[in-house]
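**Student:**
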Amino acid sequence: MVTASRDAAIRTLRGLLGDAFALHQKGGAGVRLGRSYGIADGYMLAILELGLATQRELGAVVVEERTRRLGPATKTLPEPDTMAEGDTLAA
1 MVTASRDAAI RTLRGLLGDA FALHQKGGAG VRLGRSYGIA DGYMLAILEL GLATQRELGA
61 VVVEERTRRL GPATKTLPEP DTMAEGDTLA A
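Letter by letter, the sequence shown follows residues 1 to 91 of the numbering used here.
Okay, structure coming up:
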């Protein structure tokens with residue numbers, strides 16, 4: 001029974017995170033964006049307090065959803081000796 005409720009909670013969390021990241025990607029700002037992230041954050045806190053998942057497991061869910069919706073948080077830069085003239089590593 002705990003596994004079923006855990007799986008349902010994780011699915012719901014993925015949906016909440018997906019909504020927040022989609023709003024972020026669309027350029028949403030202010031109250032709507034803050035509320036969306038706040039709802040996902042509060043839901044994660046509830047999952048932690050109920051013992052349905054660990055902080056590490058929730059972190060992995062956030063990373064997966066963020067990568068799926070917004071792309072990777074970082075990207076690999078080319079080696080400096082293979083860069084073209086005028087390319088910069090930082091702006």
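A virtual CB, placed ideally from N, CA and C, is assigned to each residue, including glycine.
Can you find the residues in the same chain that come closer than 6 Å, C-beta to C-beta, to Ala9, ignoring five residues on each side of it along the sequence?
**Tutor:** So the qualifying residues of the chain are Ile47, Leu52.
**Student:** Just checking my contact of Arg69 with Gln25 at CB under 8 Å: how many whole Å lie between their CB atoms?
**Tutor:** Correct: roughly 7 Å between the Cβ atoms.
**Student:** Label Ala22 either buried or exposed according to how many other C-beta atoms from any shown protein chain fall within 10 Å of its C-beta, with 16 as the threshold for buried.
**Tutor:** So Ala22 ends up on the exposed side.
**Student:** Can you give the beta carbon distance from Val61 to Leu13, rounded, assuming they're within the 8 Å contact cut?
**Tutor:** Indeed they touch by this definition, with Cβ atoms about 6 Å apart.
**Student:** Go ahead and label Ala20 buried or exposed: buried means 16 or more other beta carbons lie within 10 angstroms of its beta carbon, across all protein chains shown.
**Tutor:** Ala20 should be labelled buried.
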